[in-house]
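Asker: Let me give you the structure first, and then I'll get to my questions.
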Amino acid sequence: MQENENQPIRQEHAGFPWKQVIGLLLSLALTFLALWIAVGLSLPVNVTIAIIVALAIFQAFIQLFMFMHVTEGTEPVHQLISILFGIYVAFAVVAGTIWILYAQMG
Amino acid sequence: MAESLLSLNPKKRKDLPLEYSTEEGDLKIVGFWVFLAAELVLFGTLFGSYLVLQSHTAGGPSAHELFKIGPVMIETVVLLVSSFTCGLSTLELRRHNVKGLIGWLVVTVLLGLVFIGFEGNEFFTYAAHEGATLQTSAFLSGFFILLGTHGAHVSLGIVWIAGILIQLARRGITPVTARKAFIVGLYWHFLDVVWIFIFTAVYLTGWVM
Amino acid sequence: MNSITNFLSHFFVTGDPMIYGADVSIVLVTLAIFFVLTYFKKWKWLWQEWLTTTDHKKIGIMYIIAALLMFFRGGVDALMMRTQLALPGMTFLNSDHYNQVFTTHGTIMIIFAAMPFIFGLMNIAVPLQIGARDVAFPFLNAVSFWLFFAGAMLFNLSFVIGGSPDAGWSAYAPYAGTELNPGVGENYYLLAVQISGIGSLATGINFLVTILKMRAPGMTLFKMPMFSWSILITSVIMIFAFPAFTVALALMTVDRIFGGHFFTIASGGSPMLWANLFWFWGHPEVYIVLLPVFGIFSEVIATFAHKTLFGYAIMVWSMVAISLLSFITWLHHFFTMGNTAPVNAFFSISTMLIAIPTGVKIFNWLFTLNKGRIHFTTPMLWALAFIPNFTIGGVTGVMLAMAPADYQYHNSAFLVAHFHSTLIAGTVFGIFCGLHYWWPKMFGYLLDEKRGKWAFWVFMISFNICFMPMYFLGLMGQTRRMYTYPAGLGWGPVNFVITIGAFGMGVGFVIMAYNIIWSALHGKRDTTGDPWDGRTLEWSIPSPAAEYNFATIPTVSTRDAFEAMKEDKRAGKEKAPAAYKPIHMPNNSAIPVVMSAFMFIAGFGFVFWWFWMAIPGVIGVIGCMIARSFVYNDAHLIPVEEIERTERAAGRLS
Amino acid sequence: MMKTIRAKAAVILLPLLALLTGCSDKIVVMNPQGPVARSQYHLIVWSLIMMSLVLAIVLIIFIYVLVRFGRRKSKGFDPNDTGNRKLEVIWLIVPVVICILLAVPTVKTLYALDQAPKATAAAPSAVHGKTLTIDVTSVQWKWLFRYPGQNIETVNYVVIPSGVPVRFNLHAYDAMNAFWVPELGGQQYTMTDMPMKLWLQADKPGNYQGRSSNFSGTGFAHMTFTVQARSASDFNTWVNNVKSSKPALTHDTYMNLLKPNTVKPQTYSSYPPIVAKDLNKAQMNAYMNGQPTGNDAMHGMNMDNSGKGGK
Ligand code: HEA
Ligand code: HEA
Ligand code: CUA
Ligand SMILES: [Cu+2]
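Chains as they are written, first to last, in this note's numbering: chain A, 206 to 311; chain B, 754 to 962; chain C, 3 to 656; chain D, 12 to 322.
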């Protein structure tokens, strides 16, 4: 399978790595923002948790799109659907487990 | 030209980076994405378990008493930066620059080692000074296994990148080594994503509660 | 000296004649195998042709052989249980022994018989159906098989060494924890199921990528045979259900082996968390063993009704719906664990919803038969019997889904009847159906129809005798997992009938086994490659298929691609075959077998808390992975002359 | 072939019909003796009717297509009959409707069972509005019943007044079990880390078989008990009798009861304070070693004993 070795490769990535640098700065900013909201402010616990979880999800998407090239490939729809299904099931197991084990009668 | 194992129309592949240039590369990258999707559920299950056990301290130390902001922030920043350097290595891969690729991967591995060092130290401190081990309470079992699983993934990533570095040094950038370097990059970024949630769900909520 | 005998008497299970019998027969069978292989000088052949193979067809056959053996073991367990329960107050098995038997029966049947059987059939049929030369990751495929095999061996070893698990296939904490269950039995369960589960996850990824990426040109997803669709969906469920189980098993392993407190009574452990995690995998698991057989039935019913499948698109979408719903119903297995009304209400309704897509499929099969020309072959009989029998299992499932009613059925024989109605009338009928259907493609001859039909009728009727009365037994208050019961409750006669049915199923299975042997000697050769007038691509190539499957990859333009080709041929529009080209095929590899041997060693070490043994095993596994990473030359080229020779021998080239 | 299928249909459906009439008292689930079991029984009968309907539809179509198209030379073969939007919509809608018809009473019953059953109308006014609380502990392999109001304890049998809603607080000492008295109502698990509640009520005096329905080890099959429902006055007499004529449960006897074994029914006129603490096995071990049990605030989920779980 070596015959493809000389295929043309797109050189789109020449120049300063803006995408990566912005990704890094954003994730650092989000991290410290979350820390400040959790430790620095004293919002009600539920509100705090809602905000920091939202920030974490936002940051995860930054990694996914800025660093991980999730939309690349011959048929990127395959990995996109896989990740979406994974998110669906992961959400089911986290939310379901918490709901079931916290909402119990005595 | 030999007729290959699979029959998918290879035309689309021409405009894609080197790691997609063979059918094998294409398959393995998709396969790895699917694997990462499965890992989402694996970590999801660990998170769910940790979160329901978080308050089950059984008289032992609680999250609030245990976690120190300083070391955790260092771990977090180190891992975030390593994700960035790993992103740069993929960039150098795309530029066909072996030296740059190897260089940034080496930096990434070193940052990974720093992270593991800090995490190991954190675990050790808990165990040695607070008497907090996996056997202390359900909360601590959850904590050590969730973070331990992540840490084991990072350690495996370090060994894996080291193996790929050897192959890159020996063979340069070929479709096969390009694919390997790209996939290990995906893996590394994914671990960063997991850490973001550990940081939020374990440490931040631990401090909040 | 004393400590050595003491150790040995704990290491080997002692004191039970049945187990001594098993010890002796294991030693004898092993010796016999060694002898036969050595005498006929078959070691090299075995190693080169089978143990190191990466050919999906051979891996499929190995899966099926192993699964049939495991089905036999699980069946013997079932007959032992049924003998013990036949009459009130029987003393054939004591309590502890009975508890081990139902645990191994359930675990083996689901994890080491039903799943590998399905993996076998999908290995054989899927690449052929989609016009591929192998799966996406042939090496990984071999790894999956050998991990399953290592897990199965480890699990079965528990019978003679150390003692079997006895907490049920669902291994509920805290009973399965070390406080109440100190032996090694549960460790076996955890490690064996874990090892084979990793293989299942890999199989899921492998087949998902295979089906997504390796279809013949022109075969869009919606032109794909329904069995391949069902495997696509099943793979998705496996990929997302197994990681949860991996974690659950790992956490309990941490509890048992490293003193953790996830599910313990002490130190804040939450036993209910185990139930929650187990069923998060456990419910999708039942669809993992069901959807593939839905695919098989779709192929077989269409083939023998001589019609295209009715409502193809909605058949696909209903499976997609099932895959999504299957992840949000798990709580129905513990409605009675103190949940609040909103929680139970949510999961009652989400469970009932699954009846809708399943019903869609049932009606579509019925309407495929409608206006068909029905041929009652053996595979078709299994498929037809599935429809009413499975519907009974399905509708009783819906009854269980109604939480307040489930308070009365839960853990009763009614539940046992429900899940055997679905697992046997669904999964087992389905794998027997697929076995008869694809047998000629695997081995080049057909299973005998007359004997096959006998096996079918005996098994099917006995199945009803066995499991229909069990619903009533549940309503009469008998619970599951009771090793005995007193007279006077009216349970005795019902149990007796059930036991008769169980032995009848044994007879049916024996007839089937006899048929396999008889047909191997006298079976009709399949010279055309298309014994059933099939509709899909696997029937377009010779039986058994060549190493490379397709000499030239077919181009597809419609559903039922082979049927269309045959029509073209009849109309004289046959396309000239393309010229052969050399074919790349994956090399054999010893790494999967070796790796699974290390896995077995590691597993065995952990079972006995022997870290000196476990750690080298783990290192061996990692070493194998590293070794593999440095293998660059993993494929060989089949030259055109060899392809011509093979095709000529199969009568495809004049 | 046809004959066997028809015969099978009869074999399946006839007993179902027999069940609907509740003809046999051996079929305990179909022989409800209290309001809880009765509401579940109604739900079961309703679901049986709907399920028989579904099964009948499937069987009728099944038999029709096999008879019509299974013969050697049947007419009407149409290989182009590959789908029909209208039909497909029908078999999407009908099951949806059936599911709704099942879901509505399911949810209603669920919420109703969360509350104490309404006292039987025929009950004497003396017991109107009254409830009884009994704490149940499952131990490998026996059932302990504690009457906190009466300060008495029984083993492997329990006496309740008929016509009065009884609140069973369920708890496990070691393995999980499930408390099931089919004639009075469905089951509920017992767990080590949280109390669970189950409301049951008997219409009239009588003896009802109860058993554990969740596997808990060697003696599981013998983990049975009887529920003896007595009239309100007989119940009071029984309580007084116990108080005057039965021995007290001593600490040592209690510790013996906690060992894994099977025992005969027993009765005690009082119990030591440790019984009321609802310790599980781990907590008991800690207590015996002089360590804190942590049971004052149920460790872990912060469950209290008053019935309001969670936070
Ligand atoms: C292949 C295996 C398989 C399959 C397919 C199913 C299918 C279903 N199962 Fe079953 N189940 C098991 C295997 C399976 N199950 C096992 C092994 C257990 C017990 C495990 C243990 O505890 O050890 C179990 C337990 C189990 C329980 C737990 C009970 C308890 O523990 O108390 C419940 C409760 O809701 C349930 C429900 C269902 C439902 C609603 C379906 C549905 O998917 C069925 C859908 C099908 C139909 C309904 C028939 C066809 C439809 C029509 C003809 C359309 C019209 C119908 C209606 C509108 C109703 N199952
Ligand atoms: C695919 C899954 C599968 C299959 C195929 C079966 C098949 C059978 N099962 Fe199984 N069963 C389960 C999955 C399955 N079961 C599970 C998950 C449980 C729950 C376990 C738990 O509680 O943890 C269970 C539990 C279970 C119980 C309940 C035990 C209890 O709770 O006390 C019973 C009791 O009757 C039973 C019976 C049978 C019978 C008679 C068969 C028959 O179909 C078997 C028929 C096959 C053979 C008999 C082949 C063997 C042939 C021979 C031995 C030849 C010699 C014989 C003669 C000549 C007669 N099973
Ligand atoms: Cu179980 Cu709270
Ligand atoms: Cu289920």
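Glycine included, every Cβ here is placed at the ideal spot set by N, Cα and C.
Can you list the residues of chain C that residue 292 of chain D reaches, using a CB-CB cut of under 9 Å?
Answerer: Walking along the fourth sequence from the start, residue 292 of chain D turns up at place 281. Neighbours of residue 292 of chain D on chain C, chain order: 176, 181, 182, 267 and 268.
Asker: Can you tell me whether residue 589 of chain C is helix, strand or coil according to DSSP?
Answerer: To locate residue 589 of chain C, count along the third sequence from 1; it is residue 587. Coil.
Asker: Pairing CB atoms from the segment 841-858 of chain B with CB atoms from the segment 777-785 of chain B, are three or more of them under 8 Å?
Answerer: The segment 841-858 of chain B, when compared against the segment 777-785 of chain B, does not touch it at the 8 Å Cβ threshold.
Asker: Residue 243 of chain A CB to nearest chain B CB: under 8 Å?
Answerer: By one-based count along the first sequence, residue 243 of chain A stands at place 38. Yes - at least one Cβ of chain B is within 8 Å of the one on residue 243 of chain A.
Asker: Quick check on the burial criterion: 16 or more other C-beta atoms within 10 angstroms. Buried or exposed for residue 945 of chain B?
Answerer: Within the second sequence, residue 945 of chain B is the residue found at index 192, counting from 1. Buried: at least 16 other Cβ atoms inside 10 Å.
Asker: Where does residue 177 of chain C sit, in a helix, a strand or coil, going by DSSP?
Answerer: Taking the first residue of the third sequence as position 1, residue 177 of chain C is located at position 175. Coil.
Asker: Hey, is residue 256 of chain A's beta-carbon within less than 8 Å of any beta-carbon in chain C?
Answerer: As a working mapping, residue 256 of chain A is identified with position 51 in the first sequence. No, residue 256 of chain A lies away from the interface with chain C (no Cβ there is under 8 Å from its Cβ).
Asker: Please determine, among C/271, C/154, C/54 and C/513, the residue with the shortest C-alpha to C-alpha distance to residue 813 of chain B.
Answerer: To locate residue 813 of chain B, count along the second sequence from 1; it is residue 60. Nearest C-alpha to residue 813 of chain B: C/271.
Asker: For residue 82 of chain D, report the span of its beta strand (DSSP E) as first-last.
Answerer: What you label residue 82 of chain D is simply residue 71 of the fourth sequence in a count that begins at 1. Taken as a continuous stretch (DSSP letters only), residue 82 of chain D belongs to no beta strand (DSSP E), as it is neither H nor E.
Asker: With a threshold of 8 Å on Cβ separation, who are the neighbours of residue 338 of chain D within its own chain once the five nearest residues in sequence on each side are excluded?
Answerer: The structure shown does not extend to residue 338 of chain D, since chain D is modelled only from 12 through 322, so no value can be given for it.
Asker: Residues of chain A with a CB under 9 Å from the CB of residue 345 of chain C: which are they?
Answerer: Within the third sequence, numbered from 1, the residue matching residue 345 of chain C stands at position 343. Here the neighbours are 304, 305, 308 and 309.
Asker: Assuming residue 168 of chain D and residue 194 of chain D are in contact, meaning their beta carbons sit under 8 Å apart, how far apart are those beta carbons, in whole angstroms?
Answerer: Taking the fourth sequence and counting its residues from 1, the one referred to as residue 168 of chain D is at position 157. Taking the fourth sequence and counting its residues from 1, the one referred to as residue 194 of chain D is at position 183. Not quite, the Cβ-Cβ distance comes to about 15 Å (not below 8 Å), so this is no contact.
Asker: What does DSSP give as the partner residues of residue 180 of chain D in its beta bridges?
Answerer: Taking the fourth sequence and counting its residues from 1, the one referred to as residue 180 of chain D is at position 169. BP columns for residue 180 of chain D point to D/146 and D/208.
Asker: Going by the CB atoms, is the gap between residue 227 of chain D and residue 409 of chain C shorter than 8 Å?
Answerer: As a working mapping, residue 409 of chain C is identified with position 407 in the third sequence. As a working mapping, residue 227 of chain D is identified with position 216 in the fourth sequence. In this structure, residue 227 of chain D does not lie closer than 8 Å to residue 409 of chain C by Cβ.
Asker: Leaving out five residues before and five after residue 584 of chain C in sequence, what residues of the same chain have Cβ atoms less than 7 Å from its Cβ?
Answerer: For this step, residue 584 of chain C is matched to residue 582 along the third sequence. 639, 640, 641 and 642.
Asker: Please name the residues in the segment 217-238 of chain D whose beta-carbon is closer than 8 Å to at least one beta-carbon of chain C, in chain order.
Answerer: Taking 8 Å as the Cβ-Cβ cut-off against chain C, the residues of the segment 217-238 of chain D that qualify are 220, 222, 223, 224, 225, 226, 227, 228, 229, 230, 231 and 232.
Asker: Can you tell me whether residue 940 of chain B is helix, strand or coil according to DSSP?
Answerer: What you label residue 940 of chain B is simply residue 187 of the second sequence in a count that begins at 1. Three-state DSSP puts residue 940 of chain B in a helix.
Asker: Drop a sphere of 10 angstroms on the beta-carbon of residue 519 of chain C, count the other beta-carbons inside from all chains shown, and report buried for 16 or more, exposed for fewer.
Answerer: Stepping through the third sequence from its first residue, residue 519 of chain C is reached at position 517. Flag for residue 519 of chain C reads exposed.
Asker: Using the beta-carbon of each residue, which ones in chain A are nearer than 7 Å to residue 773 of chain B?
Answerer: Taking the first residue of the second sequence as 1, we reach residue 773 of chain B at position 20. The contacting residues are 278 and 279.
Asker: Only counting the same chain, and skipping five residues up and downstream in sequence, which positions put a Cβ closer than 6 Å to that of residue 303 of chain A?
Answerer: Taking the first residue of the first sequence as 1, we reach residue 303 of chain A at position 98. Same-chain partners within the cutoff: there are none.
Asker: Please state the DSSP three-state secondary structure of residue 200 of chain D.
Answerer: Taking the first residue of the fourth sequence as position 1, residue 200 of chain D is located at position 189. Strand, per DSSP.
Asker: With a threshold of 7 Å, establish whether the CB of residue 345 of chain C neighbours any heavy atom of ligand 4.
Answerer: As a working note, residue 345 of chain C is residue 343 in the third sequence. It does not: the Cβ of residue 345 of chain C is nowhere closer than 7 Å to a heavy atom of ligand 4.
Asker: Nearer than 7 Å: is that true of the beta carbon of residue 398 of chain C relative to any heavy atom of ligand 2?
Answerer: For the purposes of this step, residue 398 of chain C is taken as residue 396 along the third sequence, with counting starting at 1. Because no heavy atom of ligand 2 lies under 7 Å away, the Cβ of residue 398 of chain C does not count as near it: no.
Asker: Would residue 421 of chain C and residue 384 of chain C be called neighbours here (beta carbons separated by less than 8 Å)?
Answerer: As a position in the third sequence, residue 421 of chain C is number 419, starting the count at 1. As a position in the third sequence, residue 384 of chain C is number 382, starting the count at 1. Cβ atoms of residue 421 of chain C and residue 384 of chain C: not closer than 8 Å.
Asker: Can you check the segment 346-418 of chain C for any alpha helix (DSSP H) of at least 4 residues that lies completely inside it and give the ranges in chain order?
Answerer: The qualifying runs are 357-371, 380-403 and 405-411.
Asker: Report yes if the CB atom of residue 602 of chain C is closer than 8 Å to the CB atom of residue 156 of chain C, and no otherwise.
Answerer: In the third sequence, residue 602 of chain C corresponds to position 600, counting from 1. In the third sequence, residue 156 of chain C corresponds to position 154, counting from 1. Yes, the Cβ-Cβ distance between residue 602 of chain C and residue 156 of chain C is below 8 Å.
Asker: Is residue 331 of chain C a contact residue of ligand 4, with contact defined as CB to any heavy atom under 7 Å?
Answerer: To locate residue 331 of chain C, count along the third sequence from 1; it is residue 329. The answer is yes for residue 331 of chain C.
Asker: Measure the alpha-carbon distance for residue 280 of chain D versus residue 150 of chain D and round it to whole angstroms.
Answerer: Within the fourth sequence, the letter at position 269 stands for residue 280 of chain D. Within the fourth sequence, the letter at position 139 stands for residue 150 of chain D. Distance between the alpha carbons of residue 280 of chain D and residue 150 of chain D: 20 Å.
Asker: Determine the burial state of residue 649 of chain C: buried for a count of at least 16 other Cβ atoms within 10 Å of its Cβ, exposed for fewer.
Answerer: Residue numbering aside, residue 649 of chain C sits at position 647 when the third sequence is read from its first letter. By the 10 Å Cβ count, residue 649 of chain C comes out buried.
Asker: Looking at the structure shown, is residue 422 of chain C part of a helix, part of a strand, or coil, going by DSSP?
Answerer: Residue 422 of chain C sits at position 420 when you count from the first residue of the third sequence. Residue 422 of chain C: helix per DSSP, three-state reduction.
Asker: State buried or exposed for residue 247 of chain A, treating a residue as buried only when at least 16 other CB atoms are found within 10 Å of its CB.
Answerer: Counted from its first residue, the first sequence places residue 247 of chain A at position 42. Exposed, since its Cβ has fewer than 16 Cβ neighbours within 10 Å.
Asker: Buried or exposed: which applies to residue 75 of chain D, given that a residue is buried once 16 or more other Cβ atoms fall within 10 Å of its Cβ?
Answerer: Taking the fourth sequence and counting its residues from 1, the one referred to as residue 75 of chain D is at position 64. Label assigned to residue 75 of chain D: exposed.
Asker: Under the criterion of a Cβ to heavy atom distance below 7 Å, does residue 436 of chain C qualify as lining ligand 2?
Answerer: As a working mapping, residue 436 of chain C is identified with position 434 in the third sequence. Because no heavy atom of ligand 2 lies under 7 Å away, the Cβ of residue 436 of chain C does not count as near it: no.
Asker: Between residue 141 of chain D and residue 175 of chain D, what straight-line distance do the alpha-carbon atoms span, to the nearest angstrom?
Answerer: Within the fourth sequence, the letter at position 130 stands for residue 141 of chain D. Within the fourth sequence, the letter at position 164 stands for residue 175 of chain D. Distance between the alpha carbons of residue 141 of chain D and residue 175 of chain D: 7 Å.
Asker: Under a three-way DSSP split, which group does residue 27 of chain C fall into?
Answerer: Within the third sequence, the letter at position 25 stands for residue 27 of chain C. Note: residue 27 of chain C maps to helix in three-state DSSP.
Asker: Closer than 6 Å by C-beta to residue 952 of chain B: which residues in its own chain qualify, once you throw out the five before and the five after it? Chain order, please.
Answerer: Here residue 952 of chain B refers to the residue found at position 199 of the second sequence. Around residue 952 of chain B: 829.
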